[in-house]
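Residue numbers (UniProt numbering): 1 to 664. From the three backbone atoms N, C-alpha and C, an ideal C-beta is built for every residue, glycine too. Keep in mind that this is a model prediction, so the values were computed, not measured. Presented below is the structure to which this report refers.
Now the structure itself:
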C-alpha cells in the first residue's frame, strides 16, 4: 500500500525537483523544435503543470494504468517512457514509442501500462472506466489514473464516466488538471458552477482539491487518494488547480488573456516555488541545481540526436497496424446431425450463453440487458444464469458504457456491448470511431480492442424516423472495424462466437425484422467464418447482392424471377467490412449483370461502394450497368404503407432486375 505522506529527505526532494525541471526543459526544447518544423501538427505543452505529473505518477505501481490527455509529454516521461522514444514519436519516426503513428498527442507504451494521450476532450474518461472495470471484475488490485483538463467537465463523457465509476465502484483516480482555460475559454465563461469538485461529488465520488502548483501537496494528496482507492475499491476525484504558462497549442496567439496574468502566475510556478523553498531550508544548493540542469540537458541532447537519426517508415507499410496481422481461424464443431427448432433471437441468445460459459472473460453490458431481458428480449433469462456482474445493466449513457467496453477489452476482457438500436449508436460514435477503430494504429500495434458491439438495425416495425435507420454502411466506411450483418440462424449464432475470438473491434448489426424468424438449426451449430460472403442461391443470368434483413426479400424476388425465366444468383454479403470482393467479382464475371439491394439510403450508400468496385474490377465483363435498389431519400415514415414504400421490397427488386436484363 502507498504511504500516505511523502518523506522529504534530500534524495526525495532532489528527485521531485529534477522531475519537474526535466519536464520543463523538455517542453522548452519541443517548442524550439516546433519552430524549426521538426515537430508538426498540434503541440500542447505542459509548462506550469509539472507538479501534477511529477507528484502523482511516481506514486503509482507498475501494474497501475495511466490514461492521459493530448498534453501528455510530462505524463509519459514520468511514467518511465524514455525521452528519446517520446521525441522520436513527436518527429514521426519509426523508433517512436508509438512507431511514429501517433505523434505528439498520442504517446503509447504497453510496457509501462501507458494507454496514451487522447486528442478528444474527455475521450479518455470512458476508456479509464473500462480499464478499471476489467480490474474490478477480475479482482486485480490495480488503479487506473486518468488525467484530463477542466474543459472536459462540460463533456457528457465526463458525467457518464464518473457516474459509472461511482455506480460500479471502480478503482479510478480521476485527475482534473484545472489550468483555468479550455483552449481559450476561461472556466467562469463556460461553467455555471466553477467548483469542479462539486460536480464530481454530485455522483457520490470522493472529491478533493489540491494546489496543483505545490508538488509536495500534490504528492501527499495522491498518496492519500491511492490509499483510499486501494482500501475501498472506490474512485477518487482529485482536482489540481494549476495554470499553463504557454498557449493552448503552438498555434494559439493567446488573445484571450494578457501577459500580466501569465507573468503573475509564472512568479508562483511550481519549479520556482519549490526550488526557492528548498534553497531557503538548506535542502538543496545552487551547485546541485546546476548539476540537475546539466543532467537534463545531456538527456535532451541525446533525445534530439536519437530522434534526428531515426528512420521514416516506408510507404509500403502504410496500412500496418490498422488491424491485427491475422485473426484466428474459425473453430470447427462437428455437426450433431440433429436439427432443432429455433428463432434468430434464440440463436443470438444461445451464442451469448455459449460464449459466457466457455470464457469467463466474456460479459454482456448495455441498456436493459439484465432484469428487462433486452429491448428485443435477446438476453432474457441470462442474468439469472450468469449474474448481474456479467449481464451488466448500464445507465442510458451510450458513449460512457461503450467506451468502458473498449477499455475493458484493452485490458484483456471480451465484452459484448449491446447498443439498443443503431440510432443510439451515434451517441457512442466518438468512442467507436476515435478510440476503438484507431487505438491499434495510433499505438503502433501495442494495444488491440477485442470488443464486440451489437445493435439492432432496420425498418419495418413502424417506429418512425428516429428508430428505423440502416446505418451499417456508415460504419463500413471506417478502417479499423469489422462490420457484420448476420441474416441466417447459423450466422446469428456462429458469427458472435467467431467475433469474440477476433483481436479487433467487431460490430454486429441485427435486423429487427429477423428476430422472430424461425427455422431449424443443427443442435451443435458452432462458429462460422466472418469475412466471406455466401452464395445463398446459385444462378447464371444476374447477380443479386444483399445482406441482413433484405436477404429473404431478395431470395423471394429470385424465385419470382425464375418464373419469368431469369436465373438469379443471390449473394449474402455477411461481412460489410471487409467486403468479399473475390466472391462478388467471380459471380458478376459469370452472370455479367448485377443488382445490389441495400436498405441504406441510396446517396453515399454501401450499394454505391459495391457498384464502384464492380466497375473498377470487372467492368469489361458487364453487359449492363449495375443496378441498385435502396431506401428512398426520406426519413422513414410512420404509416405502414409509406414505411414499406421507403425501403426495398420484392416488386422493386424484380423490376430492377428486369430493367438490367432489358425486359422492362
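Which same chain residues end up closer than 8 Å to residue 237 when comparing Cβ atoms and leaving out the 5 residues on each side of it in sequence?
Same-chain partners within the cutoff: 162, 174, 176, 197, 200, 201, 205, 206, 207 and 208.
Using 8 Å as the cut-off, can you tell me whether the segment 559-569 makes contact with the segment 606-626, which would need three or more C-beta pairs spanning the two stretches below that distance?
No, the segment 559-569 does not touch the segment 606-626.
Return the CA-CA distance between residue 112 and residue 67, expressed in angstroms with no decimal places.
Going by the C-alpha atoms only, they are around 11 Å apart.
Looking at residue 220 and residue 674, is the spacing between their C-beta atoms short of 9 Å?
Because residue 674 is not part of the residues shown, which for the chain are 1 to 664, the question remains open.
Measuring only the C-alpha atoms, how far is residue 544 from residue 453?
Taking the straight line joining both Cα atoms gives about 28 Å.
Quick one: complete beta strand (DSSP E) runs, 3+ long, within the segment 557-642?
Here the runs fully enclosed are 568-572, 575-577, 594-601 and 627-631.
Touch check for the segment 38-49 and the segment 73-92: three-plus C-beta pairs under 8 Å?
Cβ pair count under 8 Å is three or more, so yes.
Find out if the Cβ-Cβ distance for the pair residue 187, residue 158 is shorter than 9 Å.
Contact flag unset, no.
Excluding sequence positions up to five away, which residues of its chain have a Cβ less than 6 Å from the Cβ of residue 548?
485, 487 and 511, listed in sequence order.
For the structure I just gave you, are there three or more beta carbon pairs, one from the segment 121-140 and one from the segment 97-112, closer than 8 Å?
Taking 8 Å as the limit for Cβ pairs, the verdict is that the segment 97-112 does not touch the segment 121-140.
For the pair the segment 415-426 and the segment 438-446, tell me if three or more CB-CB distances fall below 8 Å.
Output reads no: the segment 438-446 does not touch the segment 415-426.
Check each candidate in 641, 493, 585 and 85 and name the one with the smallest Cα separation from residue 460.
Closest by alpha carbon: 641.
From which residue to which residue does the alpha helix (DSSP H) around residue 156 run?
Run containing residue 156: 156-167, per the alpha helix (DSSP H) assignment.
Whole angstroms are fine: how far does the CA of residue 571 sit from the CA of residue 324?
Distance between the alpha carbons of residue 324 and residue 571 is about 27 Å.
Starting from residue 339, trace the beta strand (DSSP E) both ways and give me its first and last residue.
Looking at the DSSP string, the run of the beta strand (DSSP E) that includes residue 339 is 339-343.
If the criterion is Cβ atoms closer than 9 Å, does the pair residue 134 and residue 412 meet it?
Yes.
With DSSP collapsed to three states, give me the class of residue 19.
Looking at residue 19 - three-state DSSP - the assignment turns out to be helix.
Suppose the cutoff is 6 Å on Cβ atoms and the five residues either side in sequence are ignored; what does the same chain contact list for residue 29 look like?
So the qualifying residues of the chain are 300.
Going along the chain, which unbroken runs of the beta strand (DSSP E) with 3 or more residues stay wholly within the segment 486-562?
If we require 3 residues or more, the beta strand (DSSP E) runs fully inside the segment 486-562 come out as 506-511, 518-522, 534-537 and 542-546.
Mark residue 285 as exposed unless 16 or more other C-beta atoms lie within 10 angstroms of its C-beta, in which case mark it buried.
Label assigned to residue 285: exposed.
Apart from the five residues on each side of it in sequence, which residues of its chain come closer than 7 Å, Cβ to Cβ, to residue 266?
Counting only Cβ-Cβ distances below 7 Å, and skipping sequence neighbours, we find 245.
Give the straight-line distance between the Cα atoms of residue 137 and residue 614, rounded to the nearest whole angstrom.
Their backbone Cα atoms lie some 48 Å apart in a straight line.
With DSSP collapsed to three states, give me the class of residue 182.
Three-state DSSP puts residue 182 in a strand.
Rounded to the nearest angstrom, how far is the Cβ of residue 515 from that of residue 376, given a contact under 8 Å?
Indeed they touch by this definition, with Cβ atoms about 5 Å apart.
Excluding the 5 residues preceding and the 5 following residue 276 in the sequence, name in chain order all residues of the same chain whose CB lies nearer than 6 Å to its CB.
Answer for residue 276: no residue qualifies.
Indicate whether residue 213 and residue 51 have their beta-carbon atoms separated by less than 9 Å.
For residue 213 and residue 51, yes; Cβs fall inside 9 Å.
Using C-beta distances below 6 Å, list every residue in its chain close to residue 333, excluding the 5 sequence neighbours before and after it, in chain order.
Contacts found: 524 and 526.
Taking C-alpha atoms, which residue in 423, 388, 457 and 337 lies nearest to residue 370?
Comparing Cα positions, the closest option is 388.
If you follow the alpha helix (DSSP H) that residue 210 is part of, which residue opens it and which one closes it?
Looking at the DSSP string, residue 210 is not in any alpha helix (DSSP H); the run it does join, the beta strand (DSSP E), is 206-211.
Exposed or buried, what is residue 431 when buried is set at 16 or more other beta-carbons lying within 10 Å of its beta-carbon?
Buried.
For residue 380, collect the residues of the same chain with a Cβ closer than 6 Å to its Cβ; drop the 5 residues on either side in sequence, then sort them by chain order.
Once the five neighbours on either side are set aside, the close Cβ partners of residue 380 are 373.
Counting only runs that start and end within the segment 322-369, where is the alpha helix (DSSP H) found for 4 or more residues in a row?
You should have 344-358.
In angstroms, rounded to a whole number, what distance separates the CA positions of residue 359 and residue 249?
Residue 359 and residue 249: Cα-Cα distance of roughly 45 Å.
Please state the DSSP three-state secondary structure of residue 173.
Reduced to three states, the DSSP call for residue 173 is strand.
Where residue 650 and residue 580 are concerned, what is the direct C-alpha to C-alpha distance, given to the nearest angstrom?
Residue 650 and residue 580: Cα-Cα distance of roughly 25 Å.
Do residue 589 and residue 618 have their C-beta atoms closer together than 9 Å?
Yes, the Cβ-Cβ distance between residue 589 and residue 618 is below 9 Å.
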